[in-house]
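> Chains as they are written, first to last, in the numbering used here: chain C, -9 to 121; chain G, -9 to 121; chain F, -9 to 121; chain A, -9 to 121. No residue lacks a Cβ here, since even glycine has one placed at the ideal position from N, Cα and C. These numbers come from a predicted model, not from an experiment. Mind having a look at this structure? Questions to follow.
Number of protein chains: 4
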Amino acid sequence: MFAFRLDSRSGVPTYLQLVKQVRRALLVGYLRPGDRLPTVREVAAALVVNPNTVVKAYRDLEHAGLVTARAGQGTFITGTLKPIPPPSYTRLSRSLHTWLRGARNAGLDAEQIGALVAAVIDDSEAEGGAA
Amino acid sequence: MFAFRLDSRSGVPTYLQLVKQVRRALLVGYLRPGDRLPTVREVAAALVVNPNTVVKAYRDLEHAGLVTARAGQGTFITGTLKPIPPPSYTRLSRSLHTWLRGARNAGLDAEQIGALVAAVIDDSEAEGGAA
Amino acid sequence: MFAFRLDSRSGVPTYLQLVKQVRRALLVGYLRPGDRLPTVREVAAALVVNPNTVVKAYRDLEHAGLVTARAGQGTFITGTLKPIPPPSYTRLSRSLHTWLRGARNAGLDAEQIGALVAAVIDDSEAEGGAA
Amino acid sequence: MFAFRLDSRSGVPTYLQLVKQVRRALLVGYLRPGDRLPTVREVAAALVVNPNTVVKAYRDLEHAGLVTARAGQGTFITGTLKPIPPPSYTRLSRSLHTWLRGARNAGLDAEQIGALVAAVIDDSEAEGGAA
DNA sequence: GTGGTCTAGACCACC
DNA sequence: GTGGTCTAGACCACG
């Protein structure tokens, strides 16, 4: 079953964090059409969050055509989002993991790693690297 | 002179984005004690944002002991944040850049790359990878 | 319910007066963890002050780890500040009250009393009286 | 020679702190008509403050009729402010000193003492104690 | 209804 | 000119 996580220090609204995690899972191939999301109540209980907040996230996703709620059955993935091809995913994820290990071996903590990653990505986007 | 950037789609409050960029610059060694940040009015004009929003960010940083505001003179870096050692920075940043190029050559767009990075980092943190 | 007071002639910014009153109430034992502060809107209405000014004060307190804001619920005391032991408080407060009565009986007005108190305290601090 | 002190953490504007100290010294009998205040330059140098700030304070005092600037000679006290009668002053100051010593012996630090004093004075003013 | 963010614009303190 | 405070009022996230 898909599990959500929250980072209360990020400043990102709770409902947006949920939305982003589903989108991310779709992109990465971890969720696929037909999969069932945990119920609003389950998520609310697990994250200690108001059910309305979860409802809002699910409604956002439904609005974007990514999920469909079926009364009495739950919420299901019914859309997709140009997922990363599994072979690329495997390869890139593996090499990124290696890079991460290197960073940790160099003594970097989570905050430093986050700063480095953000700096490099921002950087390369700034110079039109997305081309 | 230090320059800020905004991502309006991220959902992160403007002032927090500014705060994080300064912290990141400190971690990465791009800002150091004694450096002067752009004035409140300059930032507000450059980002087309209300001066109060910038004031809030600078105040947060001052609260954290990272900068000091001097009326009539500007806002200066006066604290530090366990910066990444430059050699590690150079090496890791270079290899991450290479990885990024590989991801782009595999046809991934910015959103897919973001999802992949987030997935890998979250993952490895979840399993106590920080050890 | 905790009540705030303002002294517009003091020259101390409104929001700082609020902050100091909460800190003082903590030191004196009048507020304790779990207590709820009046809502931003209540304070703003009672003091005829802009809500943002109150928000600023509460935010400062939160930053200092003394209170925690819970959206939809209010702002609660969640920290403490080395309170004065109640017995000492009772004894010292009582004798200071007596002193105050003496000063007033001698014909001193509020400004004179303030000057005297400030002079004596400053004085004794200057000579390292805190020892 | 009269000496000024600054408390940068109080939030009270610098120039107001200077004004208040002169008023206090007049009330307490520490300054009397004919006394000469330190020059603007001396104060500015001693407090590491911009001379304009001192000028503003002196102008405020002149405006209030308490001092007079004489070109080339300095600034002199030329007004008064219902001073505390010296006998009362001596007696009250002495007993307050005793109280202070008691508070410190009870282990209270400066912040706690300040809170206690403020609480007691506020309190008694609130109930019309100034009568 | 709670607190949080942002805008617009005035005024003050300090250099 | 700098940063700091305050007001007025809109909109959002959360319960």
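What does a CB cutoff of less than 6 angstroms around residue 69 of chain G pick up in its chain, not counting 5 residues either side in sequence?
Mapped onto the second sequence, residue 69 of chain G falls at position 79. So the list reads 55 and 56, once near-sequence residues are dropped.
> According to the Cβ coordinates, are residue 109 of chain G and residue 14 of chain C closer than 8 angstroms?
As a first step, residue 109 of chain G must be located in the second sequence, where it is residue number 119. As a first step, residue 14 of chain C must be located in the first sequence, where it is residue number 24. Their beta carbons are under 8 angstroms apart, which means residue 109 of chain G touches residue 14 of chain C by this criterion.
> What does residue 2 of chain G reach in chain C if we use C-beta pairs closer than 8 angstroms?
By 1-based counting over the second sequence, the position of residue 2 of chain G is 12. Neighbours of residue 2 of chain G on chain C, chain order: 0, 1 and 2.
> Where does residue 103 of chain G sit, in a helix, a strand or coil, going by DSSP?
Position 113 of the second sequence, counted from the start, is the residue given in the question as residue 103 of chain G. It is helical.
> Taking residue 27 of chain G as the query, report the chain C residues whose CB atoms sit under 8 angstroms from its CB, ordered along the chain.
What you label residue 27 of chain G is simply residue 37 of the second sequence in a count that begins at 1. Within chain C, no residue comes near residue 27 of chain G; the closest Cβ sits about 17 angstroms away, beyond 8 angstroms.
> Between the C-alpha atoms of residue 74 of chain A and residue 7 of chain G, what's the straight-line distance to the nearest angstrom?
Position 84 of the fourth sequence, counting from 1, holds the residue named residue 74 of chain A. Position 17 of the second sequence, counting from 1, holds the residue named residue 7 of chain G. Between residue 74 of chain A and residue 7 of chain G, the C-alpha separation is close to 56 angstroms.
> Between which two residues does the beta strand (DSSP E) holding residue 64 of chain A run?
Here residue 64 of chain A corresponds to residue number 74 of the fourth sequence, with the count starting at 1. Element bounds for residue 64 of chain A: 64 to 67.
> Mind pulling the chain A residues with CB within less than 9 angstroms of residue 53 of chain F?
Walking along the third sequence from the start, residue 53 of chain F turns up at place 63. Those within 9 angstroms of residue 53 of chain F in chain A number zero; the least Cβ separation is about 15 angstroms.
> From what residue to what residue does the beta strand (DSSP E) around residue 57 of chain G run?
Residue numbering aside, residue 57 of chain G sits at position 67 when the second sequence is read from its first letter. 57 to 60 is the extent of the beta strand (DSSP E) around residue 57 of chain G.
> Does residue 46 of chain G pass the burial test, meaning 16 or more other C-beta atoms within 10 Å, or should it be called exposed?
Numbered from its first residue, the second sequence carries residue 46 of chain G at position 56. By the 10 Å Cβ count, residue 46 of chain G comes out buried.
> Touch check for the segment 83 to 92 of chain F and the segment 28 to 43 of chain F: three-plus C-beta pairs under 8 angstroms?
Result no; under three Cβ-Cβ pairs closer than 8 angstroms.
> Quick one: grab the DSSP three-state call for residue 27 of chain G.
Here residue 27 of chain G is taken as the residue at index 37 of the second sequence, counted from 1. Looking at residue 27 of chain G - three-state DSSP - the assignment turns out to be strand.
> Once you ignore the five residues that flank residue 9 of chain F on each side, which residues in its own chain have a CB closer than 7 angstroms to its CB?
What you label residue 9 of chain F is simply residue 19 of the third sequence in a count that begins at 1. 47, 50 and 51, listed in sequence order.
> Ignore the nearest five residues each way along the sequence and tell me which others in residue 122 of chain A's own chain have a CB closer than 6 angstroms to its CB.
Only positions -9 to 121 of chain A appear in the structure, and residue 122 of chain A is not among them; the question remains open.
> Check whether the Cβ atoms of residue 105 of chain F and residue 17 of chain A lie closer than 8 angstroms to each other.
Counting from 1 along the third sequence, the entry for residue 105 of chain F is found at position 115. Counting from 1 along the fourth sequence, the entry for residue 17 of chain A is found at position 27. Yes, Cβ-Cβ distance for residue 105 of chain F and residue 17 of chain A is below 8 angstroms.
> Grab me the residues of residue 78 of chain A's own chain with a C-beta within less than 7 angstroms of its C-beta, minus the 5 sequence neighbours each way, in chain order.
Within the fourth sequence, the letter at position 88 stands for residue 78 of chain A. Hits under 7 angstroms: none found.
> On the CB-based measure, 16 or more other CB atoms within 10 Å of its CB, does residue 88 of chain C come out buried or exposed?
As a first step, residue 88 of chain C must be located in the first sequence, where it is residue number 98. Under this definition residue 88 of chain C is an exposed residue.
> Since residue 111 of chain A meets chain F, which of its residues come closer than 9 angstroms, beta carbon to beta carbon?
Counted from its first residue, the fourth sequence places residue 111 of chain A at position 121. In chain order: 86, 90, 100, 103, 104 and 107.
> In three-state terms, what does DSSP make of residue 15 of chain F?
Counted from its first residue, the third sequence places residue 15 of chain F at position 25. In the structure shown, residue 15 of chain F sits in a helix (DSSP, three-state: H, G or I).
> Please name the residue in F/4, F/96 and F/90 whose C-alpha comes closest to that of residue 113 of chain A.
Counting from one through the fourth sequence, the residue named residue 113 of chain A turns up at place 123. Of the listed residues, the one whose Cα sits closest to residue 113 of chain A is F/90.
> Does residue 121 of chain F come out as helix, strand or coil in the three-state DSSP assignment?
Numbered from 1 along the third sequence, position 131 holds the residue referred to as residue 121 of chain F. With a pLDDT of 46 at residue 121 of chain F, under the threshold of 50, the modelled position of this residue cannot be trusted; read the value that follows with caution. DSSP places residue 121 of chain F in coil when its eight states are reduced to three.
> Can a CB atom of chain F be found closer than 8 angstroms to the CB of residue 96 of chain A?
Within the fourth sequence, numbered from 1, the residue matching residue 96 of chain A stands at position 106. Yes, residue 96 of chain A lies at the interface with chain F (some Cβ there is under 8 angstroms from its Cβ).
> Roughly how many whole angstroms lie between the Cα atoms of residue 29 of chain C and residue 37 of chain C?
Within the first sequence, the letter at position 39 stands for residue 29 of chain C. Within the first sequence, the letter at position 47 stands for residue 37 of chain C. For residue 29 of chain C and residue 37 of chain C, the distance between alpha carbons rounds to 12 angstroms.
> Nearest by alpha-carbon distance to residue 98 of chain C: which of G/103, G/71 and G/39 is it?
On the first sequence, residue 98 of chain C is found 108 positions in, with the first residue counted as 1. It is G/71.
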